[in-house]
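Chemist:
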């Protein structure tokens, strides 16, 4: 399997974006990627158009429980939102550029901002299952990068700056929205590992020493790709479990998805308030 993107990546993105524009009939102002157990938020959008991943050129079906594998375009507070119900992962056997492809398509559609979400294990002692955490920065320990290979300057620079990978304007509006809806929004650094096995207790101790507050197996390739295309990003983790060695129960994906669903009401309230504000923040 080739690690780098194909030479016609730009054309593939154009083809995928054209199909979504044709099917949706509206240009989204903001993109949203919904992680494990969080996809139900897309069902709250008005005037929804639903497109299975398999019908979009270049998208791969999602085979992980809790990831419906659909692109939903709809309205929220007068704003058109393109929401991915689920994502694909490198641990499924996909190359990094393939994992980032759907996020790039959202950027190609002309979104003003991308909001990425995930289910994550809590490392910092103060974090508990059910907490929502704004991602302030990340540690990419996956050993992969969606920009490996030939760079197409039409998409972005060879060496993009990630000094502000998570846009401070969006962070400010996210905190304001959390206060408005009464959500105690935490802040922390997200560590991305490749998976699919959960981390060992020793690895969690290492991640804590490196400054990680939460850990998961996704999100970072999408964030890198969006920054490469100069689209501002906000990130939210739903803490679904204590990381390995910090709790008494063995780790289970079913429990992760169930905990994410239990956070649905607070997660929905936060996004409902934030998404229209996010568009205004970067206008």
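In the numbering used here, the protein residues as written are 1237 to 1519.
The C-beta atom is built at its ideal place from N, Cα and C for all residues, glycine as well.
Everything numeric in this text was worked out from a predicted model, so none of it was measured.
Evaluate residue 1239 with the Cβ neighbour count: other Cβ atoms within 10 Å of its Cβ, from every protein chain shown; 16 or more gives buried, anything less gives exposed.
Modeler: Exposure of residue 1239 is indicated by the presence of fewer than 16 other C-beta atoms within 10 angstroms of its C-beta.
Chemist: According to DSSP, which residues form a beta bridge with residue 1320?
Modeler: Looking at the DSSP assignment, residue 1320 forms a beta bridge with 1269 and 1307.
Chemist: Consult DSSP for residue 1243 and reduce its assignment to one of helix, strand or coil.
Modeler: coil
Chemist: Taking a contact to mean a Cβ-Cβ separation below 7 Å, would you say residue 1480 touches residue 1436 in this structure?
Modeler: yes
Chemist: Identify every run of the beta strand (DSSP E) within the segment 1395 to 1470, keeping only runs that are complete inside it and at least 3 residues long; order them along the chain.
Modeler: 1421 to 1428 and 1450 to 1452
Chemist: When DSSP builds the beta bridges, which residues end up paired with residue 1264?
Modeler: The partner list for residue 1264 (beta bridge, DSSP) is empty, contrary to what the question assumes.
Chemist: Is the distance from the Cβ of residue 1297 to the Cβ of residue 1251 below 7 Å?
Modeler: Against a cut-off of 7 Å, the Cβ pair of residue 1251 and residue 1297 comes out as no contact.
Chemist: At the level of alpha carbons, what is the spacing between residue 1246 and residue 1455?
Modeler: 21 Å
Chemist: On a Cα-Cα basis, can you pick out the residue from 1332, 1389, 1457 and 1503 that is closest to residue 1536?
Modeler: This structure leaves residue 1536 out entirely; the chain is present only between 1237 and 1519.
Chemist: The beta strand (DSSP E) spanning residue 1283 covers which residue range?
Modeler: 1282 to 1288
Chemist: Using DSSP with H/G/I as helix, E/B as strand and the rest coil, what is residue 1504?
Modeler: Note: residue 1504 maps to helix in three-state DSSP.
Chemist: Taking the C-alpha atoms as reference points, what is the distance between residue 1333 and residue 1411?
Modeler: Cα-Cα distance, rounded: 31 Å.
Chemist: Could you tell me if residue 1260 is buried or exposed, where buried requires 16 or more neighbouring beta carbons within 10 angstroms of its beta carbon?
Modeler: buried
Chemist: Per DSSP, what are the beta-bridge partners of residue 1352 in this structure?
Modeler: 1269 and 1471
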